[in-house]
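Counting in the numbering used here, the sequence shown runs from 518 upward without gaps.
Here a beta-carbon is modelled for each residue, glycine too, at the ideal position from N, C-alpha and C.
For clarity, every value in this text was computed on a predicted model and none was experimentally measured.
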Amino acid sequence: MECHEEIGLLSPRICFPDGRDQILGKRNPQLKYLVASRLRGDEPGKLLREYAMLDSDLSIPVQVENATGCFMFVRTSVLKEIGGFDEGYFMYFEDADLARRVNEVSKCIYYPDAVVNHVWGRESKRNFKLMCIHINSMFRYFRKWKTI
């Protein structure tokens with residue numbers, strides 16, 4: 518990032534502890550993508566492939582609309598410029614909101630040479646309280662950005 522001032526956020530490749538890539542959204546969330554993500558089987562369908570940009574060459578750095586909050590590098594000056602995280606989100610979608618605002622003033626880059634292992638719990642699928650928080654955050658995001 519020191520050599521590329523235009524980069525405000527860097528998102529590494531996220532893997533399961535066994536080394537498999539996690540299929541994570543790289544485009545701005547839309548309802549169709551979120552439904553596809555919830556209903557997916559073992560193989561990602563067309564919508565999930567689109568959301569995760571799986572038909573792009575992800576072996577090289579690429580600009581993305583969305584970055585997962587499980588791990589990201591954010592330039593301090595950009596974080597200050599956009600006012601940091603929106604504290605109206607308790608959890609879920611705060612990362613998508615941040616990436617969207619970073620992209621308004623800078624670039625979000627997916628950087629596959631940096632690799633992070635992440636134990637992905639997907640707790641909101643199993644915990645009703647977390648599912649409600651997830652849904653509330655989703656509606657907040659869609660209201661704020663006027664998208665579905």
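Counting C-beta neighbours from all protein chains within 10 Å, is the total for residue 593 16 or more, i.e. buried, or is it exposed?
exposed
Since residue 632 is in the beta strand (DSSP E), which residue starts that stretch and which ends it?
624-634
Regarding residue 548 and the ligand GDP, is the C-beta to nearest heavy atom distance less than 8 angstroms?
Judged by which ligands are present, the structure shown has none, so any question about the ligand GDP falls away.
Measuring straight from C-alpha to C-alpha, what distance separates residue 562 and residue 595?
35 angstroms
Am I right that residue 620 and residue 582 are in contact with their C-beta atoms under 8 angstroms? What's the rounded C-beta distance?
6 angstroms
Quick one: grab the DSSP three-state call for residue 575.
coil
Is the beta carbon of residue 616 less than 9 angstroms from the beta carbon of residue 589?
Yes, the pair counts as a contact, with Cβ atoms nearer than the cut-off.
When DSSP labels each residue in this structure, what does residue 552 get in the three-state scheme?
Looking at residue 552 - three-state DSSP - the assignment turns out to be helix.
Under the rule that 16 or more other beta-carbon atoms within 10 Å means buried, what is residue 614, buried or exposed?
By the neighbour-count rule (16 or more Cβ atoms within 10 Å), residue 614 is buried.
Contacting residues, own chain, Cβ-Cβ under 7 angstroms from residue 640 (five flanking each side not counted)
647
Can you tell me where the alpha helix (DSSP H) with residue 643 in it begins and where it stops?
No alpha helix (DSSP H) holds residue 643; DSSP gives it neither H nor E.
Proximity winner among 627, 656, 633, 663, relative to residue 587 (alpha-carbon distances)
633
Please state if the CB of residue 526 and the CB of residue 569 are separated by a distance shorter than 9 angstroms.
no
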